[in-house]
Amino acid sequence: MSEYDSIPKEPWGMMQRVGKEMFNNEFLSDAKVTVDDTTWPVHKSILCSRSEYFRKAFTGPFSEATSNQLTIEGQDATAVEMVLYYLFTGHVHNFSEIGSIRGAFNLFVAADYFDIEYMKQEALERFDYSFHAIHPNEPLLNDEDLGALFCAARLAYSSGPNFEVLREPIEEFIIDTDFLFTKDDRFMRELNNFPEFALALMRVMTSPENEEEMLICCRSMPEKCTKCGLDKDEFAETSLISYPEHDRNADHALVGICTDCF
Numbered sequence: 175m176s177e178y179d180s181i182p183k184e185p186w187g188m189m190q191r192v193g194k195e196m197f198n199n200e201f202l203s204d205a206k207v208t209v210d211d212t213t214w215p216v217h218k219s220i221l222c223s224r225s226e227y228f229r230k231a232f233t234g235p236f237s238e239a240t241s242n243q244l245t246i247e248g249q250d251a252t253a254v255e256m257v258l259y260y261l262f263t264g265h266v267h268n269f270s271e272i273g274s275i276r277g278a279f280n281l282f283v284a285a286d287y288f289d290i291e292y293m294k295q296e297a298l299e300r301f302d303y304s305f306h307a308i309h310p311n312e313p314l315l316n317d318e319d320l321g322a323l324f325c326a327a328r329l330a331y332s333s334g335p336n337f338e339v340l341r342e343p344i345e346e347f348i349i350d351t352d353f354l355f356t357k358d359d360r361f362m363r364e365l366n367n368f369p370e371f372a373l374a375l376m377r378v379m380t381s382p383e384n385e386e387e388m389l390i391c392c393r394s395m396p397e398k399c400t401k402c403g404l405d406k407d408e409f410a411e412t413s414l415i416s417y418p419e420h421d422r423n424a425d426h427a428l429v430g431i432c433t434d435c436f
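The numbering of the sequence shown is our numbering, which starts it at 175 and goes up by one.
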C-alpha cells in the first residue's frame, strides 16, 4: 500500500486531515495566539477566513495586525485550544473529555467569546449532560462543581441574554435533586450572596408542577434505609410517601435507600 492510499478521497476528509496537520504546527505559521502560559502557532489565513473575531484582530487597526501576536485575557486555555482546533479542522478536539461542569462551562464561555454558534450548542449540551452525570448523593456537589455552578449561574442570571440558555440545565438539575441543595450549607452560603439566583430558585420551588419535590425538600432526611433497616447518613435515592397513599391531604414522609443497597 502506497502512502497515498491513506489520503482521504473526499474533499472534506482531506481538508480535515490537512487541518489536523497544520494545527499547532510551526510550519508556515505566521502568527501566535497566547492564553496564560500557553502559546499556539497559527495560520492567519485559516483563522481569519473562519472567524470574525480573528479577522478583526489580525487585519484591523490593532497592534496584533503588525506584531502577529495575539494575547487573549480571561479565557480558559483548554477551551481556547478547542476553539482553535475546531477552526482548523471543523471538529471539536477531545470534547468527550469535558465531563465536568467547569469544563463544559469554560467551553461555552469561550465559544460565546469567539462567537462560534455551533460550539456554543455543543458546549451547552455537554453542560446539561455534566449535571445528569452527578449522582444524587450527598454532598450533591463537590467544591469544584459547586464553584462552577455558581460561576455559570452568575452569567445565566446577571449577564444578559447570551447566557440565559444556561438557566434551564441549572434549574432542571435542582429540580431533579428534589431541592435537597437547601440542606447543603455550602450552597446556602453562596446563595445568600446572590439574590438574583435565589429569587429564580424561589420561583422554581413554588411552581405548582414542582409541588412533590418541594415537599421532599421540606422534610428531614431519613435516618434508616428502607431495604436494610440500618441507620445511615448517606442515601443514593430518596422518595416521598403519603399515609394513606394517593391522598394529597395526607401526611408525608421522606424515605430512602442507602448507597450500599442501591
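Ideal placement from N, C-alpha and C gives every residue a C-beta, glycine not left out.
Fair warning: this is a prediction, and the values are worked out from it, not measured in the lab.
Which residue from the options puts its Cα closest to that of residue i?
i	options	result
S241	D204, G277, M293 and G334	D204
R341	A374, T351 and T208	A374
H265	R191, F353 and N367	R191
K357	R328, L315 and P335	L315
G248	D210, E226 and M379	D210
E226	F353, D302 and I290	I290
T380	T400, F353, G430 and G234	F353
Between residue i and residue j, is the Cβ-Cβ spacing less than 8 Å?
i	j	result
F305	I275	yes
T263	K194	yes
S332	E364	no
V257	F232	no
I344	A326	yes
R229	L261	no
R360	L320	yes
Y292	F197	no
Can you tell me whether residue i is buried or exposed? The criterion is at least 16 other CB atoms within 10 Å of its CB, across all chains shown.
i	result
E238	buried
A322	buried
A307	exposed
G430	buried
Here's a check: name, in chain order, each residue in its chain whose Cβ is nearer than 7 Å to the Cβ of residue i, leaving out the five neighbours to either side.
i	result
A297	A278, L281, F282 and A285
E338	A330
N336	D286
What do you reckon, is the C-beta of residue i under 7 Å from a heavy atom of the ligand FMN?
i	result
H265	The ligand FMN is absent from the structure shown, which contains no ligand whatsoever.
Output needed for residue i: all residues of its chain with C-beta closer than 6 Å, excluding positions within five of it in sequence on either side, in chain order.
i	result
P310	Low confidence applies to P310: its pLDDT is 49, below 50, so where it sits in the model is not reliable, and the reading given next is rough at best. These residues qualify, in order along the chain: T351.
T213	K206
D302	P343
L244	V207, A231 and E238
CB-CB under 8 Å to residue i, same chain, minus the five flanking residues each way: which ones, in chain order?
i	result
P402	The sequence given here places Cys at residue 402; Pro does not occur at that position. C432, D434 and C435.
L404	K398 and C432
C392	Legend: pLDDT at C392 = 48, less than 50; position of this residue unreliable, no value from coordinates given.
Using a C-beta cutoff of 8 Å, does residue i count as contacting chain C?
i	result
Y303	In the structure shown, chain C does not exist; there is a single protein chain.
Checklist line | 4 or more residues per run - each alpha helix (DSSP H) lying fully within the segment 197–234 | finding: 218–224 and 226–233
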